[in-house]
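Visitor: Can you read through this structure? Questions will come right after.
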Amino acid sequence: MTTAMDVDAFVAALAAKQPTPGGGAAAAVGAAVGAAAAAMAAAYTMRKKDKESGAAAAAEALITTLDTAAVLAAADADAAAYAELQRSWKDADMSAAEKAAIEATALAVPVALVERCHAYILAVQAFLPSCNPNITSDAKVGIHQLAGAARAAYQTALVNAPAADVR
449 MTTAMDVDAF VAALAAKQPT PGGGAAAAVG AAVGAAAAAM AAAYTMRKKD KESGAAAAAE
509 ALITTLDTAA VLAAADADAA AYAELQRSWK DADMSAAEKA AIEATALAVP VALVERCHAY
569 ILAVQAFLPS CNPNITSDAK VGIHQLAGAA RAAYQTALVN APAADVR
């Protein structure tokens, strides 16, 4: 499981000639890093003057929104979906309906990650005016990391040949 790996082990596994972790997991870990950077910026917006101005409340709301565990879970969901997809390619007796369900799940995982990254980016952007000015760069790093993760998840979704309306 990706979520149980330390960073060194994850990077080594990602670099190895093996099917998972792959691009979907890389996207999910990137999203978690972005969410964490933005959450850290929010955590530094809890000073006395931030509480008095209401900025601390905005920071608390952002921290609550940025669920790093949820985006990390997408790494494991992607690996599980890919394993099922590989199984569907090899199982000649599998019904068309079961194959279609497996393909739908393999597509749903990266699409959900793109959507979550988008929601997180909007939340961080809304928080920026309240952010401790000494640490806005970290909030912006979060936005950029989340945007990169969304782009990576989008590429993973494209591999699954989504319908035009999903693209």
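Counting in the numbering used here, the sequence shown runs from 449 upward without gaps. The beta-carbon is built from N, C-alpha and C at its ideal position, and this holds for glycine as well. As the structure is a computational prediction, the values presented were derived from the model and not from experiment.
Got a sec? Which residues, its chain only, sit under 6 Å from A490 by beta carbon, not counting five neighbours each side?
Guide: A507, L510, I511
Visitor: Please go through the same chain and pick out, in chain order, the residues whose beta-carbon is closer than 7 Å to the beta-carbon of I550, but skip the five residues on each side of it.
Guide: E532, L533, S536
Visitor: State yes or no: is the C-beta of P558 within less than 8 Å of the C-beta of A475?
Guide: yes
Visitor: Are A521 and T584 touching if we call contact CB-CB under 8 Å?
Guide: No, the Cβ-Cβ distance between A521 and T584 is not below 8 Å.
Visitor: Note the first and the last residue of the continuous alpha helix (DSSP H) segment covering P577.
Guide: From DSSP, P577 is part of no alpha helix (DSSP H); its letter is neither H nor E.
Visitor: Within its chain, find whatever has a CB closer than 7 Å to the CB of Y492; leave out the 5 residues flanking it on each side and keep chain order.
Guide: N580, I583
Visitor: Spell out a yes or no on whether the region 465–473 and the region 569–580 are touching, meaning 3 or more CB-CB pairs, one atom from each, closer than 8 Å.
Guide: Proximity of the region 465–473 to the region 569–580 falls short of the contact definition, fewer than three beta-carbon pairs being nearer than 8 Å.
Visitor: How is the alpha helix (DSSP H) around A476 delimited, first residue to last?
Guide: 471–491
Visitor: Can you list, in chain order, the stretches of the alpha helix (DSSP H) that have 4 or more residues and sit fully within the region 579–613?
Guide: 584–607
Visitor: I'd like to check one pair, A527 with V562: are the Cβ atoms closer than 8 Å?
Guide: no
Visitor: Would you mind giving the Cβ-Cβ distance between T553 and A529, rounded to the nearest angstrom? I have them listed as a contact below 8 Å.
Guide: 5 Å
Visitor: Kindly list the residues whose CB is nearer than 8 Å to the CB of L462, restricted to its own chain and excluding five residues on each side of it in sequence; keep chain order.
Guide: So the list reads P469, G470, A473, A474, once near-sequence residues are dropped.
Visitor: Grab the span of the alpha helix (DSSP H) containing S536 for me, first residue to last.
Guide: 516–538
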